[in-house]
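K.L.:
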Amino acid sequence: MERIDWNRVFRLNILLLKLTGVWPPGDGGFELNLYTVYAIIAFLLCHFGFIFFQAVNLYFIRNDLQAVTGTIFVLMTDIGASLKTYGLVKNMKTLKQLMVIANYDLFQPKNRHQKEMIQPNIKAWRTIVSTFGVFCSGWLILCSLFPILDKSSKDYRLPCLAWYPYDTNTSPQYELTYLYQAVAMNFLALVNVNIDALIAALNMYVGTQFDILCDDLRNLHKEETSEEVNEKLIKCVHHHREILTFAEHANNFYNWLLFVQFFVGGMSIGLTMFQLTVVSSLNVQNF
260 MERIDWNRVF RLNILLLKLT GVWPPGDGGF ELNLYTVYAI IAFLLCHFGF IFFQAVNLYF
320 IRNDLQAVTG TIFVLMTDIG ASLKTYGLVK NMKTLKQLMV IANYDLFQPK NRHQKEMIQP
380 NIKAWRTIVS TFGVFCSGWL ILCSLFPILD KSSKDYRLPC LAWYPYDTNT SPQYELTYLY
440 QAVAMNFLAL VNVNIDALIA ALNMYVGTQF DILCDDLRNL HKEETSEEVN EKLIKCVHHH
500 REILTFAEHA NNFYNWLLFV QFFVGGMSIG LTMFQLTVVS SLNVQNF
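In the working numbering, the protein residues as written are 260 to 546.
Shown next as C-alpha cells:
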C-alpha cells in the first residue's frame, strides 16, 4: 500500500511559509546563507518597519480618538503576526523534527481502510484553511483599496495611517508608499494565516493518529492467537505513547501562539465594535 507523505499534504502551507522567510531550507534552523539574508530584509521591511512607522504616528494623532483606535486595531494585528513569527522561528528545529517524525512507519495507516478513514480529516482541514484564506483575501483587498473606494486617495490617503520621514503627499512618494503598505499588509497576513494553518495541521495530524489507533484496537480480536493479540496490543500502547509525545511537543510550540491569537482577536473585536459606533452607517468603513 502506498504510504502517506505528510510533508506532501502540508506542502502548500510550508511553501508559503518559505516565501515569507520563516521556513528555512533543510532540516535545521537558520544558517548563514542567502535565505537568511532574505528573511532579515523581509522582517525589517514588512514587520519592524511597517509596525514602527504606524506606532510613531500614534503620537501625532493622539487627539483623534477614531484615528487612534483604527491605528491600534491594525497595530495589534501586525504585532500579533510578528510575535507568532518569532514563536515559529524560535521553535523551528522542533517543528522540522516533528515533520520528520510524522512520516515514521509507526504513524502510517496499516491498511487501505485506515487510509480512507483519515481522508475526511485531511479534507476538512483543507476546507477550513481555504475558507480562512478566502475571507482573509477579501479583507486584504478591501483594506488595500479603501482609499480608492472612499475616494480619499485624491487627498493622498494611505491604507494605514503612518508617519514617514518624507512627504507622502506628492508623487511618486505617495504611490511607492501605498505599494509598500499594500505589500507589507499582504506579507503579514500570509504569515499569520499560514502559521494558523500549521497549528490546525498539527492538531489534525494528532486526530488522525488517534483514529488509526482506535481502529487498531477495534480489530484486535481478528488476530488468530493470543500471542499475536498481545504483540499488537503492545504496539498500540507504544503508538499511543508516541502520539502523546508528538502532541506534547506540538503544544509546546503553539500554546503561546494561541494565547497571542486569542488576546489580539479579543482586542480587535472590541476596537472594531467601537469604530462602528463612531462612523456613519453609510460610511465605507462599515463594510
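Where a beta carbon is used, it is the ideal one built from N, C-alpha and C, also for glycine.
#1: How close, in whole Å, do the beta carbons of Val333 and Cys419 come, if the pair is a contact with beta carbons under 8 Å?
#2: Counting only runs of 3+ residues fully inside the stretch 325–374, write out the beta strand (DSSP E) ranges in chain order.
#3: Could you check whether Phe512 and Asn224 sit closer than 7 Å to each other, using their CB atoms as the reference points?
#4: Shortest alpha-carbon distance to Ile300 belongs to which of Phe311, Leu291, Gly280?
#5: In the structure shown, what three-state DSSP assignment does Tyr423 receive?
#6: Under 7 Å between C-beta atoms, does Thr344 make it to chain B?
#7: Label Thr372 either buried or exposed according to how many other C-beta atoms from any shown protein chain fall within 10 Å of its C-beta, with 16 as the threshold for buried.
#8: Put Val281 into one of helix, strand or coil per three-state DSSP.
#9: Could you check where the alpha helix (DSSP H) with Ile458 kicks off and where it finishes?
#10: What is the DSSP secondary structure of Ile320, reduced to helix, strand or coil?
#11: On the criterion of 16 or more Cβ atoms from any shown chain inside 10 Å, does His306 qualify as buried, or is it exposed?
#12: Over the uninterrupted alpha helix (DSSP H) stretch that includes Tyr415, give me the two end residues.
#13: May I have the straight-line CA-CA distance separating Ile381 from Gln440, to the nearest angstrom?
#14: Leaving aside the five residues before and after Ala574 along the sequence, list all residues of the same chain whose C-beta is less than 6 Å from its C-beta, in chain order.
#15: According to DSSP, simplified to helix, strand and coil, what is Lys491?
#16: Given that a residue counts as buried once 16 or more other Cβ atoms are within 10 Å of its Cβ, and exposed if not, what is Tyr464?
#17: Just curious, the alpha helix (DSSP H) that Ser266 is in, first and last residue?
#18: Apply the 10 Å Cβ neighbour rule to Met532 and answer buried if 16 or more other Cβ atoms are within range, or exposed otherwise.
#19: Which first and last residues belong to the alpha helix (DSSP H) in which Asn380 is found?
#20: Between Ile493 and Ile360, what straight-line distance do the alpha-carbon atoms span, to the nearest angstrom?
#21: Just verifying my parser: in three-state terms, what is the DSSP assignment at Leu303?
#22: Could you say which of Ser527, Leu530, Gln520 lies nearest to Ala340 if we only look at CA atoms?
#23: Go through its chain and collect everything with a Cβ distance to Cys495's Cβ below 7 Å, but skip five positions before and after it.
#24: So the candidates are His508, Ile528, Met526; which of them puts its Cα closest to the Cα of Gln356?
#25: Between Trp422 and Asn322, is the Cβ-Cβ spacing less than 7 Å?
#26: Taking only three categories from DSSP, how would you classify Leu291?
#27: Might you give, ordered along the chain, the residues of its own chain that have their beta carbon closer than 8 Å to the beta carbon of Leu312, omitting 5 neighbours on each side?
#28: Figure out for me which residue from Leu530, Ile528, Asn510 has the closest Cα to the Cα of Leu347.
P.N.:
In brief:
#1: As a working mapping, residue 333 is identified with position 74 in the sequence shown. As a working mapping, residue 419 is identified with position 160 in the sequence shown. About 5 Å separates the beta carbon of Val333 from that of Cys419, a gap short enough to meet the 8 Å contact definition.
#2: Here no run is fully enclosed.
#3: Absent from the model: residue 224. The displayed extent of the chain is 260 to 546, so no value can be given.
#4: The count along the sequence shown starts at 1 and reaches residue 300 at position 41. For Ile300, the closest of Phe311, Leu291, Gly280 by C-alpha to C-alpha distance is Gly280.
#5: Here residue 423 is taken as the residue at index 164 of the sequence shown, counted from 1. Three-state DSSP puts Tyr423 in coil, outside helix and strand.
#6: Protein chain content of the structure displayed is limited to a single chain, and chain B is not contained in it.
#7: Mapped onto the sequence shown, residue 372 falls at position 113. According to the sequence as given, residue 372 is His; it is not Thr. Answer is exposed; the Cβ neighbour count stays below 16.
#8: Numbered from its first residue, the sequence shown carries residue 281 at position 22. Look at Val281 here: in three-state DSSP terms it is coil, with no helix or strand label.
#9: As a position in the sequence shown, residue 458 is number 199, starting the count at 1. Taken as a continuous stretch (DSSP letters only), the alpha helix (DSSP H) holding Ile458 covers 432–477.
#10: Residue numbering aside, residue 320 sits at position 61 when the sequence shown is read from its first letter. Reduced to three states, the DSSP call for Ile320 is coil.
#11: As a first step, residue 306 must be located in the sequence shown, where it is residue number 47. Buried: at least 16 other Cβ atoms inside 10 Å.
#12: Translated into the one-based positions of the sequence shown, residue 415 becomes position 156. Note, Tyr415: premise wrong, no alpha helix (DSSP H); not H, not E.
#13: Position 122 of the sequence shown, counting from 1, holds the residue named residue 381. Position 181 of the sequence shown, counting from 1, holds the residue named residue 440. It is roughly 35 Å from the alpha-carbon of Ile381 to the alpha-carbon of Gln440.
#14: It is not possible to answer for residue 574, since the shown part of the chain is limited to 260 through 546.
#15: Numbered from its first residue, the sequence shown carries residue 491 at position 232. Correct three-state label for Lys491: helix.
#16: By 1-based counting over the sequence shown, the position of residue 464 is 205. When all chains shown are included, Tyr464 counts as buried.
#17: Taking the first residue of the sequence shown as position 1, residue 266 is located at position 7. Contrary to the premise, residue 266 reads as Asn rather than Ser in this sequence. Note, Asn266: alpha helix (DSSP H), 265–268.
#18: Residue mapping note: residue 532 aligns to position 273 of the sequence shown, counting from 1. Its Cβ having fewer than 16 others within 10 Å, Met532 is exposed.
#19: Counting from one through the sequence shown, the residue named residue 380 turns up at place 121. The continuous alpha helix (DSSP H) containing Asn380 extends over residues 378–408.
#20: Stepping through the sequence shown from its first residue, residue 493 is reached at position 234. Stepping through the sequence shown from its first residue, residue 360 is reached at position 101. It is roughly 20 Å from the alpha-carbon of Ile493 to the alpha-carbon of Ile360.
#21: Here residue 303 refers to the residue found at position 44 when the sequence shown is read from its first residue. Looking at Leu303 - three-state DSSP - the assignment turns out to be helix.
#22: Counted from its first residue, the sequence shown places residue 340 at position 81. For the residues Ser527, Leu530, Gln520, the minimum Cα distance to Ala340 belongs to Gln520.
#23: As a working note, residue 495 is residue 236 in the sequence shown. These residues qualify, in order along the chain: Leu472, Asp475, Leu476.
#24: The residue given as residue 356 occupies position 97 in the sequence shown. Of the candidates His508, Ile528, Met526, the residue whose Cα lies closest to the Cα of Gln356 is His508.
#25: In the sequence shown, the residue the question calls residue 422 occupies position 163. In the sequence shown, the residue the question calls residue 322 occupies position 63. With respect to Asn322, Trp422 sits apart: the two C-beta atoms are not nearer than 7 Å.
#26: Your numbering for residue 291 matches position 32 in the sequence shown. Residue state, collapsed to three classes: coil.
#27: Along the sequence shown, read from residue 1 onward, the residue named residue 312 stands at position 53. Note that residue 312 is Phe in the sequence shown, not Leu. Excluding sequence positions up to five before and after Phe312, its CB lies within less than 8 Å of the CB of Ala421, Trp422, Tyr423, all in the same chain and listed in chain order.
#28: As a working note, residue 347 is residue 88 in the sequence shown. Closest option to Leu347, Cα to Cα, is Asn510.
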